[in-house]
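All remarks here apply to the structure that follows.
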Amino acid sequence: MRNLQLDSDVREIVSIAENLHSEYSSYNSDWAESPFAWIKDLPSRTRGKVGEQLIEHWCTKQNFDVRPSPDSEADRIINGLRVEIKSSTLWKSGIYKFQQLRDQAYDVVICLGMSPHDVHCWILPKEVILEQWKSGEIGSQHGGSQGTDTAWLEVNPNVPQRWLTPQDGRPADAITTLRQFVEARGHG
1061 MRNLQLDSDV REIVSIAENL HSEYSSYNSD WAESPFAWIK DLPSRTRGKV GEQLIEHWCT
1121 KQNFDVRPSP DSEADRIING LRVEIKSSTL WKSGIYKFQQ LRDQAYDVVI CLGMSPHDVH
1181 CWILPKEVIL EQWKSGEIGS QHGGSQGTDT AWLEVNPNVP QRWLTPQDGR PADAITTLRQ
1241 FVEARGHG
C-alpha cells in the first residue's frame, strides 16, 4: 500500500479541499454550538433512527407506554396508537422537510424538527396527511406531481401552513395533542 502522505496528487487535492473549506465553513456555523449538531452529520437513515429514539424516550418520560411496532407499517405503538415518526433538521432555507410519508397502517405521524437551538413537533392524523397530499398542500417526493408512493411535508416553523396552526409546534403542545389522540381512540 502506498504512503498517501508522499503522494503529491493526494497532497494537492487535500490542499485544494482545505482552501475550499473556508468557503463552506459558514454553512454549518449555526450548528457549531448546537446540541443537535452531531445528528445533522449522520447519514439520513441513521438520523431517522435517532429521531425515532428521541420520540420514544421523550414519550416514555411523559408516561406513555411505547413499544416497537410489530411490522414496518408504523415505527412505534404508543398507548395502542400506531405511530409513524418523521424527523428533520432545519434546512439552510429555514424549513423542515419531513420525508418518506406513505399511506401505511398508522394512526398518526409525529414530525420532530430540530433547529440549532430549538425543537418543534407536530402530531398529525394520517387522514390529514392524505387529505393535504391529495389537495397538493403536501408534495409528492418522487415523480413530481404524478408521484403517488411517497410525499414530503415542508414546514417553515415561523410561518406554518394554515392547516397546521391549531398546533404551534411547541413540544408541550404536541404532547397534549398526542394525549388527546390516545384518549379519542380509547387507548388512554
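For what it's worth, our numbering labels the leading residue of the sequence shown as 1061, then goes sequentially.
Glycine included, every Cβ here is placed at the ideal spot set by N, Cα and C.
Since the model is a prediction, treat every value here as computed from it, not as a measurement.
- The continuous stretches of beta strand (DSSP E) do not include E1112, which lies in the alpha helix (DSSP H) extending over residues S1104 to K1121.
- An exposed status is given to G1154, since fewer than 16 other beta-carbon atoms sit within 10 Å of its beta-carbon.
- E1093 and V1110 have their C-alpha atoms some 19 Å from each other.
- Closest by C-alpha distance to S1147, out of E1187, S1089 and T1106, is T1106.
- Annotation: the stretch 1163-1223 contains the following complete segments of the alpha helix (DSSP H) (minimum length 4 residues), in chain order: 1186-1195.
- Excluding its 5 nearest sequence neighbours in each direction, I1189 has C-beta neighbours in its own chain below 7 Å: L1161, V1169 and I1198, listed in chain order.
- Per DSSP, I1145 is not a residue of any alpha helix (DSSP H); the beta strand (DSSP E) it occupies stretches across L1141 to T1149.
- Counting the other CB atoms within 10 Å of its CB gives D1101 a total below 16, which places it among the exposed residues.
- Contact check for A1134 against Y1166 passes: the beta carbons are separated by less than 8 Å.
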